[in-house]
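Each remark here refers to the structure printed beneath this line.
Residue numbers (this note's numbering): 1 to 290.
Listed below in structure tokens is the structure:
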């Protein structure tokens with residue numbers, strides 16, 4: 001069986017993307033899955049949150065353009081310099097993606113290579129070893145954006161309940177639709193995850209939920225938004241300071257059960273199958289106007 005490749009992306013920063021990536025991965029491990037995280041964000045949020053120091057490791061950049069094998073770049077729980085949960089592995093980020101990929105594509109022998117194909121080969125090398133491969137990406141459009149959208153099977157969009165964050169959901173969807181036209185026809189949107197939500201919801205938060213639920217539904221009328229809501233909690237940044245997932249740092253915290261519920265929802269949707277991008281997308285101005 002081949003791994004499902006899940007892209008975690010939103011073109012708005014500060015939505016808890018890396019936090020969601022590592023903890024969703026950990027929740028999937030809790031369900032008996034083998035998971036690989038590939039960190040494509042040059043801020044290296046997922047890499048550092050799991051306790052890896054930048055430098056001293058091969059990165060995904062070395063794999064994409066440097067001739068390093070995926071096998072040599074994967075960090076596992078057996079590496080004595082880190083403390084990863086069992087069956088949760090990672091390929092670290094680089095802080096030099098822009099120059100490294102730019103220089104590679106400017107070489108004459110690579111000049112006609114579509115950037116969207118850079119990650120496909122590396123993932124194919126290990127796709128049979130894992131149940132899931134999670135791609136953590138930059139909120140900015142960078143040199144790793146096209147490779148990520150070109151290699152993913154499904155897009156998950158985290159969002160805060162704030163105007164700009166909700167409005168940028170559509171931008172991620174349009175980029176996914178573009179990817180389906182240019183080299184990755186099977187990519188689809190798996191769902192939207194509300195992150196860093198106030199508890200209880202404020203009136204403004206409720207408004208943004210209503211906007212999402214009005215504009216983003218599957219063709220059968222069911223919500224694109226996952227019902228599991230990741231609430232704001234000081235334990236999450238504290239866990240990152242300790243270089244742990246919330247599961248290791250605070251195993252009895254309510255968010256652990258929320259991440260477990262989200263992982264269950266993810267697997268249920270994958271089993272049922274989704275088809276979102278084949279239907280018309282709402283215009284960004286329609287979302288902005290509620």
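Each residue gets a CB set at the ideal place from its N, CA and C atoms; glycine is no exception.
CA nearest to the CA of residue i, picked from the options
i: residue 19; options: 246, 61 and 268; result: 246
i: residue 14; options: 162, 62 and 70; result: 162
i: residue 4; options: 10, 25 and 84; result: 25
i: residue 305; options: 279, 272, 269 and 258; result: In the structure as shown, the chain begins at 1 and stops at 290. Residue 305 is therefore absent and cannot be evaluated.
i: residue 253; options: 118, 16, 23 and 76; result: 23
i: residue 266; options: 134, 277 and 83; result: 134
i: residue 118; options: 146, 225 and 211; result: 146
i: residue 96; options: 67, 111, 124 and 60; result: 60
i: residue 210; options: 198, 52 and 166; result: 166
i: residue 35; options: 196, 204, 282 and 2; result: 2
i: residue 80; options: 155, 104 and 52; result: 52
i: residue 351; options: 206, 99 and 37; result: Any answer about residue 351 is impossible in this case: the structure gives the chain only from 1 up to 290.
Beta carbon of residue i nearer than 9 Å to that of residue j
i: residue 149; j: residue 190; result: no
i: residue 158; j: residue 193; result: yes
i: residue 31; j: residue 264; result: yes
i: residue 262; j: residue 228; result: yes
i: residue 136; j: residue 62; result: no
Coil, strand or helix - residue i by DSSP
i: residue 231; result: strand
i: residue 89; result: strand
i: residue 4; result: strand
i: residue 191; result: strand
i: residue 147; result: helix
i: residue 294; result: With the chain running from 1 to 290 in the structure shown, residue 294 is simply not present.
i: residue 266; result: helix
i: residue 9; result: coil
i: residue 152; result: coil
i: residue 197; result: strand
i: residue 297; result: Nothing can be reported for residue 297: it is not among the residues displayed for the chain, which extend from 1 to 290.
i: residue 79; result: coil
i: residue 182; result: coil
i: residue 132; result: strand
i: residue 158; result: strand
i: residue 35; result: strand
i: residue 40; result: coil
i: residue 223; result: strand
is_contact[residue i, chain C] using C-beta, thresh 9 Å
i: residue 49; result: The chain inventory of the structure shown lacks chain C, comprising one protein chain alone.
Residue i, buried or exposed, once every other Cβ within 10 Å from all chains shown has been counted against 16
i: residue 21; result: buried
i: residue 200; result: exposed
i: residue 115; result: buried
i: residue 351; result: Because the chain spans 1 through 290 in this model, residue 351 falls outside it and cannot be assessed.
i: residue 144; result: buried
i: residue 67; result: exposed
Residue i Cβ short of 8 Å to the ligand COA heavy atom set
i: residue 146; result: Although the ligand COA was asked about, the structure shown includes no ligands whatsoever.
With a threshold of 8 Å, are at least 3 pairs of Cβ atoms found where one atom belongs to the stretch 42 to 55 and the other to the stretch 78 to 91? yes
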